[in-house]
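**Student:**
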Ligand code: SF4
Ligand code: SF4
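Chains as they are written, first to last, in the numbering used here: chain E, 1 to 393; chain G, 1 to 309.
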């Protein structure tokens, strides 16, 4: 066991110049983020751009996006384990490791959003005062931590067995893999319930939120994994054949189309009925007075639709085109789920007051810092895991 | 065993030196990154940190905590304060009735509330929001929230103050992950300022924009401090916690009226015990046409509006 960790630890210290540059860069940005968070702790959340009107902002937006990224790991796991795709099997652990890193980022984003992180122990069952099952947030704490543990276990067990040149025993991890697949749906569904159960916020109060969350996650997550896989193959770290990419591309295309369909259905209901509640949507799209969000949401929709067209066109088999489409999806869905989902529910306020939200520089630095830290964790885990994956059985 | 693992058994000098340098540098940089904590505006004391939830405190705990808070307040504000903790009275359920026909939008209630309840003055926290509405409809989206004082009492408009509606079915209580906010027996929704973790979920859940968050350290001068305090209502708040209207429970549970009612120059505000058949609020509910805000949400407010002369 110790040998395993020492091996992993040592692996993280050998790498090319690019690797070192990348790690140093991530570390530096994480520290900048830590510095910004320290400033926020010292002077309060007034250092952010939030206020009593828009009381959740960038932190929760990133949180929502990343829960989706973590849940999307299952879209790789399903072909590998259920359809027994051998090529996919080789690299599936890389996406499970990403789920771990995404979970770490999620937990950090919630933590930096708290006014009193020193009281986080109040949320520990038994020790604190846990409002379970009433509060959806307590459900979320449970399922997120559970998902983190399940993925950690699977990654650890598979890598550890391979490290010792053994084949992992199916009985010891396949049931956990299946549990994790089900669990992945639950983390994103629970996160959607956090919002859709609030009657006082009509923008969120729609039964379509959970399915939309899943569809957009299953487009953005695998897009990110394609970029990672292609990069690692190019740098010679791993090998796999193109069939894998083809499969993931199909997953992305289908999810993206479903996502666009859901969004359209929701927009139709809102705009056609034209009830009072449509004001959040019309503000979001810039149809009701001045809106800082409008350019963002239009760009996001444009990116999603353009990516869908690329993925349906014959050019999809071209790797360059695919890479561009993946990037468009990641940026598009991040914008749609972050700015386009969390913030418009607060504008106008429940009493009809239009107050705009602009994140502060300090707040953005904290966000960038959390991202850098998560990517650092992922990079180091990959570095430790890849030599083990590449060993012949 | 593959060659790869053998190679890993030894770690080259160059790797080691780089590794050590990186580790050292990051520890140093980490410490530097945390430097802003040195001028933190508020640091919880050890007693505060381990303090349990209000409802798990024994009478002895409470005595000790109240004494500690009084000492701290005296130190910080140079003024002697008393912290009381009146309990809900059996057979009492409070309700508020606001006569929109009489409200002139002068905002005296807003400022009396601030004075009574020790809200932060810088930044300013107000529990009551008075909206100016065009006659003819109750459309919140076209309401004006920040009209200047000279635009009060305009006969072409009507004015509607909104504060915590003390819902019978409060969404804010349902969503709080740590039960830092709850409904008391007399129907008042309270917050334990020492237990709230500042997640602001309740603020997102409240349909009436009634909750206020302490985005920075509350700024309150000692002349402004009201030394007559309730533990669950107007004692000074911390940075990073939620607060809101409590029907002035430190006054009303002792038989007095809320501050906003006392100051109202037109008598638009009425307050009393809903379970007492002879109370003024009961009379109004029985004889006038009252309504509640956003009835469709099923929050069942105990704050009623009435259009009367
Ligand atoms: S008005 Fe808002 S804060 Fe007051 S009880 Fe209802 S939901 Fe809670
Ligand atoms: S901000 Fe405080 S009172 Fe509100 S839900 Fe969070 S912990 Fe509960």
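Note that the Cβ used here is the ideal one computed from N, Cα and C, for glycine as well.
Would you say residue 110 of chain E touches ligand 2, meaning its beta carbon is less than 6 Å from a heavy atom?
**Tutor:** Incorrect: residue 110 of chain E has no Cβ contact closer than 6 Å to ligand 2.
**Student:** Where does residue 145 of chain E land, buried or exposed, given buried means 16+ other C-beta within 10 angstroms?
**Tutor:** Looking at its Cβ environment, which holds fewer than 16 other Cβ atoms inside 10 Å, residue 145 of chain E is exposed.
**Student:** Taking Cβ-Cβ distances shorter than 9 Å, what residues in chain G pair up with residue 120 of chain E?
**Tutor:** Per Cβ cutoff of 9 Å: 197.
**Student:** Going by DSSP, name the residue or residues bridged to residue 355 of chain G.
**Tutor:** Residue 355 of chain G cannot be examined here, being either before or after the span of chain G that is shown, 1 to 309.
**Student:** Any beta carbon of chain G sitting closer than 7 Å to that of residue 277 of chain E?
**Tutor:** No, because no Cβ of chain G sits closer than 7 Å to the Cβ of residue 277 of chain E.
**Student:** Do you know how far the Cα of residue 356 of chain E is from the Cα of residue 292 of chain E?
**Tutor:** Each residue's alpha carbon lies about 7 Å from the other.
**Student:** May I ask you to list the residues that DSSP assigns as paired with residue 182 of chain G?
**Tutor:** Per DSSP, G/190.
**Student:** Is there at least one non-hydrogen atom of ligand 1 closer than 6 Å to the beta-carbon of residue 86 of chain G?
**Tutor:** Checking the Cβ of residue 86 of chain G against ligand 1 gives no.
**Student:** With 16 as the cutoff for other CB atoms within 10 Å, does residue 25 of chain G come out buried or exposed?
**Tutor:** When all chains shown are included, residue 25 of chain G counts as exposed.
**Student:** Confirm, please, whether the CB-CB distance from residue 136 of chain E to residue 374 of chain E is below 7 Å.
**Tutor:** No. Outside cutoff.
**Student:** List the residues of chain E whose Cβ lies closer than 8 Å to the Cβ of residue 206 of chain G, in chain order.
**Tutor:** Going along chain E in sequence order, the residues near residue 206 of chain G (Cβ under 8 Å) are 200, 350.
**Student:** For the segment 16-55 of chain E, which segments carrying the alpha helix (DSSP H) assignment without a break, of at least 4 residues, lie completely within its bounds, in sequence order?
**Tutor:** With a minimum length of 4 residues, the continuous alpha helix (DSSP H) runs that stay inside the segment 16-55 of chain E are 17-43.
**Student:** Can you pull out the residues from the segment 104-116 of chain E whose beta carbon lies closer than 9 Å to at least one beta carbon of chain G?
**Tutor:** So the close ones are 110, 113, 114, 115, 116.
**Student:** Which of the residues in the segment 121-135 of chain E, read from start to end, lie with their CB under 8 Å from any CB of chain G?
**Tutor:** Listed by position, the residues of the segment 121-135 of chain E near chain G (Cβ gap below 8 Å) are 122, 123, 128, 129, 130, 131, 134, 135.
**Student:** Report back the beta-carbon spacing between residue 53 of chain E and residue 353 of chain E to the nearest angstrom; my notes put them in contact at under 8 Å.
**Tutor:** Confirmed, about 6 Å.
**Student:** Taking the alpha-carbon positions, what's the residue 254 of chain E to residue 219 of chain E distance?
**Tutor:** Spanning the two alpha carbons is a distance of roughly 8 Å.
**Student:** Closest to residue 284 of chain E by C-alpha separation, out of E/387, E/383, E/347, E/328, would be which residue?
**Tutor:** It is E/347.
**Student:** For residue 384 of chain E, which residues in the same chain have their Cβ closer than 6 Å to its Cβ, ignoring the five residues on either side in sequence?
**Tutor:** Closer than 6 Å at Cβ, skipping near neighbours: 8, 11, 12.
**Student:** For the beta strand (DSSP E) containing residue 98 of chain G, list its first residue and its last residue.
**Tutor:** Run containing residue 98 of chain G: 94-99, per the beta strand (DSSP E) assignment.
**Student:** Give me the pocket residues for ligand 1, defined as CB within less than 6 Å of any heavy atom, sorted by chain position.
**Tutor:** Qualifying residues, in the order they occur: G/164, G/165, G/166, G/167, G/170, G/171, G/172, G/189, G/206, G/208, G/210, G/211, G/244, G/299.
**Student:** From residue 260 of chain G to residue 113 of chain G, what does the alpha carbon distance come to, in whole angstroms?
**Tutor:** The alpha-carbon atoms of residue 260 of chain G and residue 113 of chain G are separated by roughly 6 Å.
**Student:** With a cut-off of 8 Å, do at least 3 Cβ pairs link the segment 301-309 of chain E to the segment 331-339 of chain E?
**Tutor:** Touching, yes, given that three or more Cβ pairs across the two stretches are closer than 8 Å.
**Student:** To the nearest angstrom, report how far apart residue 240 of chain E and residue 5 of chain E are at their CA atoms.
**Tutor:** Each residue's Cα considered, the two are about 26 Å apart.
**Student:** Pull out every residue of the segment 172-185 of chain G whose Cβ sits closer than 7 Å to any Cβ of chain E, in chain order.
**Tutor:** So the list reads 174, 175, 176, 177, 178, 179, given in the order they occur along the chain.
**Student:** Please check the pair residue 241 of chain G and residue 115 of chain E, which I expect to be a contact at CB under 8 Å, by giving their CB distance rounded to whole angstroms.
**Tutor:** Confirmed, about 6 Å.
**Student:** Could you say if the segment 210-220 of chain G and the segment 256-276 of chain G meet the contact criterion of at least three C-beta pairs nearer than 8 Å?
**Tutor:** Not touching, per the Cβ criterion.
**Student:** Return no unless some Cβ of chain G is closer than 7 Å to the Cβ of residue 353 of chain E.
**Tutor:** Interface residue, yes.
**Student:** Output yes or no for whether 7 Å exceeds the beta carbon distance between residue 303 of chain G and residue 165 of chain G.
**Tutor:** Yes. Within cutoff.
**Student:** Which first and last residues belong to the alpha helix (DSSP H) in which residue 261 of chain E is found?
**Tutor:** Counting along the chain, the alpha helix (DSSP H) containing residue 261 of chain E begins and ends at 242-273.
**Student:** Where does the unbroken alpha helix (DSSP H) through residue 82 of chain G begin, and where does it stop?
**Tutor:** Counting along the chain, residue 82 of chain G falls outside any alpha helix (DSSP H), though it belongs to the beta strand (DSSP E) covering 82-84.
**Student:** Could you spell out the range, first to last residue, of the alpha helix (DSSP H) harbouring residue 337 of chain E?
**Tutor:** Counting along the chain, the alpha helix (DSSP H) containing residue 337 of chain E begins and ends at 319-337.
**Student:** Between which two residues does the beta strand (DSSP E) harbouring residue 306 of chain G extend?
**Tutor:** Residue 306 of chain G -> beta strand (DSSP E) spans 303-306.
**Student:** Between residue 187 of chain E and ligand 2, is there a pair consisting of the residue's CB and a ligand heavy atom that are separated by less than 6 Å?
**Tutor:** No - ligand 2 has no heavy atom lying nearer than 6 Å to the Cβ of residue 187 of chain E.
**Student:** Note down the Cα distance separating residue 316 of chain G from residue 192 of chain G, rounded to an integer number of angstroms.
**Tutor:** Residue 316 of chain G lies beyond the stretch modelled for chain G, which goes from 1 to 309, so this question has no answer here.
**Student:** Closer than 6 Å to a non-hydrogen atom of ligand 4 - does that hold for the CB of residue 197 of chain G?
**Tutor:** In terms of ligand content, the structure shown lacks ligand 4 and carries ligand 1 and ligand 2 instead.
**Student:** For the beta strand (DSSP E) that residue 58 of chain E lies in, which residues bound it at each end?
**Tutor:** Careful: residue 58 of chain E lies outside any beta strand (DSSP E), inside the alpha helix (DSSP H) at 58-71.
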